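Under this note's numbering, the residues of the sequence shown are numbered 138 to 347, in order.
Using N, Cα and C, we set each Cβ at its ideal position, and we do this for glycine too.
Quantities reported herein were computed from a predicted structural model and do not represent experimental measurements.
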Amino acid sequence: MMSLTYKISPKLMLYGEGQIRARKDYTLIDYYETKGGIGYSYIKDHQVFVGAGRYGTYEDRKISQEEFRIWLQYTFSHKMGTLKLDHRGRAEKRFFYASQTGTNTEAMRYRYRLSGTLPLNNSKVQEGTFFVNAFEELFFGAGEPNFKRNRSFAGFGYQFNNSLSATTGYMFQREFSTKKNENYHFLYFALNFTIDPSDDEKDFSIPMVD
138 MMSLTYKISP KLMLYGEGQI RARKDYTLID YYETKGGIGY SYIKDHQVFV
188 GAGRYGTYED RKISQEEFRI WLQYTFSHKM GTLKLDHRGR AEKRFFYASQ
238 TGTNTEAMRY RYRLSGTLPL NNSKVQEGTF FVNAFEELFF GAGEPNFKRN
288 RSFAGFGYQF NNSLSATTGY MFQREFSTKK NENYHFLYFA LNFTIDPSDD
338 EKDFSIPMVD
């Protein structure tokens with residue numbers, strides 16, 4: 138994953154991200170995401186975000202499903218000592234196109250994620266900080282089963298300077314359906330770039346796999 142955060146002001150930011158994944162075979166890329174949006178922190182530790190993205194899934198090296206997605210999310214952040222916790226709720230509208238059948242469908246989905254970032258050698262994530270992070274995320278939607286998916290992640294990273302951090306880790310994902318449940322295992326690596334022209338004291342929020 139690669140991400141870019143551009144801070145227009147202390148309250149307003151732009152965000153963009155690209156991802157590739159190997160879902161079934163670690164040697165074969167069969168999924169991609171490109172997405173972005175705008176976030177506004179209307180008061181300290183409270184942010185609203187509007188985003189949109191394009192997603193593609195491949196089967197046998199051919200595109201099998203394309204998706205366009207828009208979403209609205211709210212994030213509340215707080216600290217317990219040096220541990221930073223983020224509570225994120227998101228509502229998504231999803232538009233699908235099945236390339237092999239020409240079928241168009243759409244769906245709503247709702248997500249809640251609790252994530253934590255713990256700096257190891259500083260009181261907060263800043264230049265020269267090692268950190269560990271983790272999250273648990275739940276997915277819900279209409280139709281049986283209403284509980285669609287859960288994700289668990291654990292990793293660690295390093296904030297090189299005010300512009301670049303890197304994160305690596307492991308994510309487990311379970312898909313629920315009326316026919317059978319499927320488990321996926323991902324090794325994760327991300328480079329996160331930040332452009333912040335302000336002179337404000339830096340306190341970074343580390344993007345996680347999404």
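If I measure Cβ to Cβ from residue i and keep anything under 6 Å in the same chain, skipping five residues before and after, which residues do I get?
i    : result
N241 : Y234
L141 : G153, F330
Y211 : V185, G226
I207 : A189, K230
R286 : F276, E312
Go ahead and label residue i buried or exposed: buried means 16 or more other beta carbons lie within 10 angstroms of its beta carbon, across all protein chains shown.
i    : result
Q296 : buried
E319 : exposed
D223 : buried
N352 : Any property of residue 352 remains undetermined from this structure, which presents the chain solely from 138 to 347.
P334 : exposed
M245 : exposed
Can you name, in chain order, every residue of its own chain whose Cβ lies under 7 Å from the Cβ of residue i, other than the five neighbours on each side?
i    : result
D182 : F213, S214, H215
T171 : G155, G190, R191
Hey, could you find the ends of the beta strand (DSSP E) residue i is sitting in?
i    : result
M217 : 199-217
L220 : 220-235
A159 : Note, A159: premise wrong, no beta strand (DSSP E); not H, not E.
L141 : 139-144
Bridge partners for residue i per DSSP, in chain order?
i    : result
Q263 : DSSP lists no partner for Q263.
V352 : Here the chain comprises residues numbered 138 to 347, so residue 352 is not present and cannot be evaluated.
F326 : T305
Which residues in the same chain have their Cβ closer than 8 Å to the Cβ of residue i, if we skip the five residues on either side of it in sequence?
i    : result
Y179 : K148, V185
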